[in-house]
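Undergrad: Residue numbers (UniProt numbering): 1 to 907.
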């Protein structure tokens, strides 16, 4: 017997002489029952089929009423070709009724060849079909003596072995009969000998020989599975005799075939199992409704098509939005604000408001946003960072994605990113919305501000809250978190700024695409030496020190910087303040430290001071954990936020509005005291400035200049001008040190100034040892100008005569004085350093009176003599005579010797 689907398997007796169709049918039945096949189809020849095993199997099925059903019985001409079998349409009938098909078109196996070819061409040799081919005998049987060829001789050998077993069986039966009867003629009793041949077994030369109750040998069979022309045994059908009692009651139970599976999972299916006799959807597939499957398949195909297409279109749309650059600002729409003008306006505002909005103190901080460069775009005030563009700038896709997210992101604790202007006017400008109160650095380190604990708690919570939002957002991390990048708006809310843009700027500067504007940053080598960089993680500082560029950031680096910011907020001190080293030195120490060295970290201030707050150890441990050297060991922002919120509690009573009102009342009191102090300081400074101005200019002229009144040049008809000069000053200067010379002149001129202060006279200027005085200008005093100058001259001569040099006390000091009366022109000359100057012939003549005079003598002109002689006779004068005066020729001059009466005050 053979079984076949895509391959063919045989069921063949262990010896092939004298096979019987009935035993073959019983063996086939056992194989069908082994595989639980209940419905089969049969293919038999059109004639002579009654001697084949299928005929016996069909009768056995009907007789035993077995659980086996023959769905279709097809008769085919065994001599028909494959084309004729296909044309008959019987294969289609077979396909519609059966999947387990028994084919026996002759006693020899080769009689099924054309049928199997037709099956193959009809595409019925799949894993779904099983073909069982019983094999009874060869086409031609020969008697042993007719064997002449090699093949026939082999066949004859088998035939002789079978004859031997038959004679051996007869001998066994004859012996048993003789033993039972003891009759030597028992061999004539054929029925008795036949009875001894039934229901027995013995080992013959052909193997185990089993004889059933009909004295017919019951052979064992094997099932062969054929694949690609090879045969292998998969099931053995072993013949066994039944129990004698059962055999007596039912002759069909005298023998049986027991199936043994030699090989499992040998079928060419996905699981190696043989198919069922009836497919799950029936023979024609009508038992299954594939509409649902088709719908599901259509939906699945639609989804598999539309989702990739939608994702592709989505990515293209996002990429298009990236390159739209909604954050790009035209450079022409950005108007830079003059820094000096802004500072001037802010300074004036601070004078009138006196730190009412912290303006006065904030402008003093260079790193605060108020001190940052400012601009206006479409009416929006911006804080900008401006760079010179070295070449055309392009952004990588990751940077474009980051800038797009920066433009979209919004949070109450994040400063709004406005945009970037680039590739225009050779400038690269990064713009953020301006915060009015500047940075936390400006506020925390302003000693004039008395901030309570509630403010510090609010600042710390705002910073942690903002950083938690950034870490959960698409931008992932800040990149350069520091106190300078924590701004304070008008509502006292902390807003983080410059997140991710510092990284982009540093990358562009590292690749020499941009550079800092020299007017804003004169020394570019010191760009990375800033307080904000010592607040960064050690791994970031190492990159800054070695590469001179800010590396890409990350959340662990933000956590380290967050610890630094909390440290400064809580204690209001700068990191590493206790070390007293420069920023560059600190950065080098941090960069060079490792696990083997002592790590460089800030130390917490002592709580002994009355102004120092004490905090929970759990909070301090959290800050120290943020400073761990290994980034992976630092806590995440959720942990930091939880510990910060649980350990920092507001101490004020009532609602937040009540606390703010109380703080404003305290601040108002502080402000009033501050205003009084500042007003007193301003008044004192104003008085000092007035004194200085009055020393530089006449009082009336100074008052006019202060109120903005123009001072016009004026001609005075009569005034007296005096010049003095110290005898031997050149010699004294050459033998004295500069300090001694300056000290000498300061002491002497201070005495002259005290003399002038008692008279209606004005010191015009001093040049070296020369001293120039005028009276009657700018305030006219009639003829008293000559009296004032005469009194001053006499007192100056007396002062110099009694003056002693500190470093040369033996030196006899003498002064040469001369004055002249006449008309002079006077006016203010200069804007940056205005001076009150005199012009005219009177000035020149007075200078000649001094230069042509004699030491310790006062030479006066004829005009001054006449005024003194006529109006002030108390002065003693003597005639010197005529002398040669440069530019004047011979002039009559006089000596002023003394005064008869004490000088009177000029009117």
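Virtual Cβ for every residue (Gly too), placed ideally from N, Cα, C.
Have a look at residue 817 and residue 687 and give me their C-alpha separation to the nearest angstrom.
TA: Along the chain shown, read from residue 1 onward, the residue named residue 817 stands at position 817. Along the chain shown, read from residue 1 onward, the residue named residue 687 stands at position 687. Computed Cα separation, rounded: 34 angstroms.
Undergrad: Give, in chain order, every unbroken run of the alpha helix (DSSP H) that is at least 4 residues long and sits entirely within the stretch 641-718.
TA: If we require 4 residues or more, the alpha helix (DSSP H) runs fully inside the stretch 641-718 come out as 656-696 and 699-706.
Undergrad: Is there a C-beta anywhere in chain C that falls below 7 angstroms from the one on residue 822?
TA: Note that chain C does not occur in the displayed structure, where there is just one protein chain.
Undergrad: Hey, residue 776 and residue 720 are a contact pair by Cβ (cut 8 angstroms); roughly how many whole angstroms apart?
TA: As a working mapping, residue 776 is identified with position 776 in the chain shown. As a working mapping, residue 720 is identified with position 720 in the chain shown. At roughly 6 angstroms, the Cβ-Cβ gap stays under 8 angstroms, so residue 776 and residue 720 are in contact.
Undergrad: Determine the direct distance from the alpha carbon of residue 565 to that of residue 535, and round the result to whole angstroms.
TA: Walking along the chain shown from the start, residue 535 turns up at place 535. Walking along the chain shown from the start, residue 565 turns up at place 565. If I take the Cα positions, the gap works out to 8 angstroms.
Undergrad: At which residue ranges does the stretch 722-782 contain complete alpha helix (DSSP H) runs of 4 or more residues, listed in the order of the chain?
TA: As far as the stretch 722-782 is concerned, its whole alpha helix (DSSP H) runs of at least 4 residues are 729-734 and 738-756.
Undergrad: With a threshold of 16 other CB atoms inside 10 Å of the CB of residue 789, please say whether the residue is buried or exposed.
TA: If you number the chain shown from 1, residue 789 lands on position 789. Its Cβ being crowded by 16 or more others within 10 Å, residue 789 is buried.
Undergrad: For residue 884, which beta-bridge partners are listed by DSSP?
TA: Taking the chain shown and counting its residues from 1, the one referred to as residue 884 is at position 884. Bridge partners of residue 884: 890.
Undergrad: Assess contact between the stretch 884-903 and the stretch 823-832, defined as three or more Cβ pairs (one per stretch) separated by less than 8 angstroms. Is contact present?
TA: No: the two stretches stay apart, fewer than three of their Cβ pairs being nearer than 8 angstroms.
Undergrad: Under DSSP, the beta strand (DSSP E) around residue 432 begins and ends at which residues?
TA: As a position in the chain shown, residue 432 is number 432, starting the count at 1. That run of the beta strand (DSSP E) goes 427-433.
Undergrad: With respect to the alpha helix (DSSP H) encompassing residue 84, which residues constitute its N-terminal and C-terminal limits?
TA: Within the chain shown, residue 84 is the residue found at index 84, counting from 1. Start and end: 82-88.
Undergrad: With DSSP run on the structure shown, which of helix, strand or coil describes residue 13?
TA: The residue given as residue 13 occupies position 13 in the chain shown. Model confidence at residue 13 stands at a pLDDT of 29, short of 50, so the residue's coordinates are unreliable; what they give is reported in the following sentence. It is a strand residue.
Undergrad: Among the residues of its own chain, which have a CB less than 8 angstroms from the CB of residue 547, if the five just before and after it don't count?
TA: Position 547 of the chain shown, counted from the start, is the residue given in the question as residue 547. Taken in chain order, the residues that qualify are 510.
Undergrad: Near residue 425, what residues of its chain come up, given a Cβ to Cβ distance below 7 angstroms and the 5 sequence neighbours on each side ignored?
TA: Here residue 425 refers to the residue found at position 425 when the chain shown is read from its first residue. So the qualifying residues of the chain are 331.
Undergrad: Residue 870: buried (16+ other C-beta within 10 angstroms of its C-beta) or exposed?
TA: As a working mapping, residue 870 is identified with position 870 in the chain shown. So residue 870 counts as exposed.
Undergrad: How many Å lie between residue 586 and residue 327 at the Cα?
TA: Position 586 of the chain shown, counted from the start, is the residue given in the question as residue 586. Position 327 of the chain shown, counted from the start, is the residue given in the question as residue 327. Using only the alpha carbons, I get a separation of about 37 angstroms.
Undergrad: Return the chain-ordered list of same chain residues with a C-beta closer than 8 angstroms to the C-beta of residue 198, the five sequence neighbours on each side being excluded.
TA: Taking the chain shown and counting its residues from 1, one reaches residue 198 at position 198. Taken in chain order, the residues that qualify are 211, 212, 213, 214 and 215.
Undergrad: Shortest alpha-carbon distance to residue 83 belongs to which of 59, 100, 119 and 104?
TA: Translated into the one-based positions of the chain shown, residue 83 becomes position 83. With distances taken between Cα atoms, residue 83 lies closest to 119.
Undergrad: If you pair each beta-carbon of the stretch 467-482 with each one of the stretch 497-509, do three or more pairs fall below 8 angstroms?
TA: Result yes; three or more Cβ-Cβ pairs closer than 8 angstroms.
Undergrad: Helix, strand or coil for residue 225? Go by DSSP, reduced to three states.
TA: Stepping through the chain shown from its first residue, residue 225 is reached at position 225. Of the three classes helix, strand and coil, the one that applies to residue 225 here is strand, per DSSP.
Undergrad: Are the stretch 837-848 and the stretch 792-808 in contact at 8 angstroms, needing three or more beta carbon pairs?
TA: Too few Cβ pairs lie closer than 8 angstroms, so no.
Undergrad: Grouping DSSP H, G and I as helix and E and B as strand, with all else coil, what is residue 836?
TA: Here residue 836 is taken as the residue at index 836 of the chain shown, counted from 1. Reduced to three states, the DSSP call for residue 836 is strand.
Undergrad: Helix, strand or coil for residue 438 per DSSP?
TA: Taking the first residue of the chain shown as position 1, residue 438 is located at position 438. Three-state DSSP puts residue 438 in coil, outside helix and strand.
Undergrad: On the criterion of 16 or more Cβ atoms from any shown chain inside 10 Å, does residue 290 qualify as buried, or is it exposed?
TA: Looking up residue 290 in the chain shown gives position 290. Residue 290 comes out exposed.
Undergrad: Under 7 angstroms Cβ to Cβ from residue 780, same chain only, skipping five residues before and after it: list those, please.
TA: As a working note, residue 780 is residue 780 in the chain shown. If we look at residue 780 and ignore the five residues flanking it on each side, its Cβ neighbours are 716.
Undergrad: In chain order, what residues of the same chain lie with their CB nearer than 6 angstroms to the CB of residue 650, ignoring the 5 residues before and after it?
TA: Numbered from 1 along the chain shown, position 650 holds the residue referred to as residue 650. For residue 650, where only same-chain residues beyond five positions count, the Cβ hits under 6 angstroms are 454 and 457.
Undergrad: Is it buried or exposed, residue 504, if we count other Cβ atoms within 10 angstroms and call 16 or more buried?
TA: On the chain shown, position 504 is the one that residue 504 refers to. By the neighbour-count rule (16 or more Cβ atoms within 10 Å), residue 504 is buried.
Undergrad: Cβ of residue 233 within 7 angstroms of Cβ of residue 262?
TA: As a position in the chain shown, residue 233 is number 233, starting the count at 1. As a position in the chain shown, residue 262 is number 262, starting the count at 1. Yes, the pair counts as a contact, with Cβ atoms nearer than the cut-off.
Undergrad: Have a look at residue 440 and residue 513 and give me their C-alpha separation to the nearest angstrom.
TA: Numbered from 1 along the chain shown, position 440 holds the residue referred to as residue 440. Numbered from 1 along the chain shown, position 513 holds the residue referred to as residue 513. If you take the alpha carbons of residue 440 and residue 513, they lie about 32 angstroms apart.
Undergrad: For the candidate residues 683, 739, 96 and 448, whose alpha-carbon lies nearest to that of residue 287?
TA: In the chain shown, counting from the first residue as 1, residue 287 sits at position 287. Taking only the C-alpha atoms, the option nearest residue 287 is 96.
Undergrad: According to the Cβ coordinates, are residue 755 and residue 707 closer than 7 angstroms?
TA: Taking the chain shown and counting its residues from 1, one reaches residue 755 at position 755. Taking the chain shown and counting its residues from 1, one reaches residue 707 at position 707. No. Outside cutoff.
Undergrad: Give the single residue among 882, 888, 868 and 892 whose Cα lies nearest to the Cα of residue 898.
TA: Counted from its first residue, the chain shown places residue 898 at position 898. Nearest option by C-alpha distance: 868.
Undergrad: With DSSP as the reference, label residue 373 as helix, strand or coil.
TA: Indexing the chain shown from 1 puts residue 373 at position 373. Three-state result, residue 373: strand.
Undergrad: CA-CA distance, residue 632 and residue 316?
TA: Along the chain shown, one-based indexing puts residue 632 at 632. Along the chain shown, one-based indexing puts residue 316 at 316. Going by the C-alpha atoms only, they are around 36 angstroms apart.
Undergrad: Out of 167, 87 and 692, state which residue places its alpha-carbon closest to the alpha-carbon of residue 209.
TA: Taking the chain shown and counting its residues from 1, one reaches residue 209 at position 209. It is 167 whose Cα lies nearest to the Cα of residue 209.
Undergrad: Excluding five sequence neighbours on each side, which residues of the same chain lie with their C-beta closer than 6 angstroms to the C-beta of residue 177?
TA: Along the chain shown, one-based indexing puts residue 177 at 177. So the list reads 186, 192, 193 and 196, once near-sequence residues are dropped.
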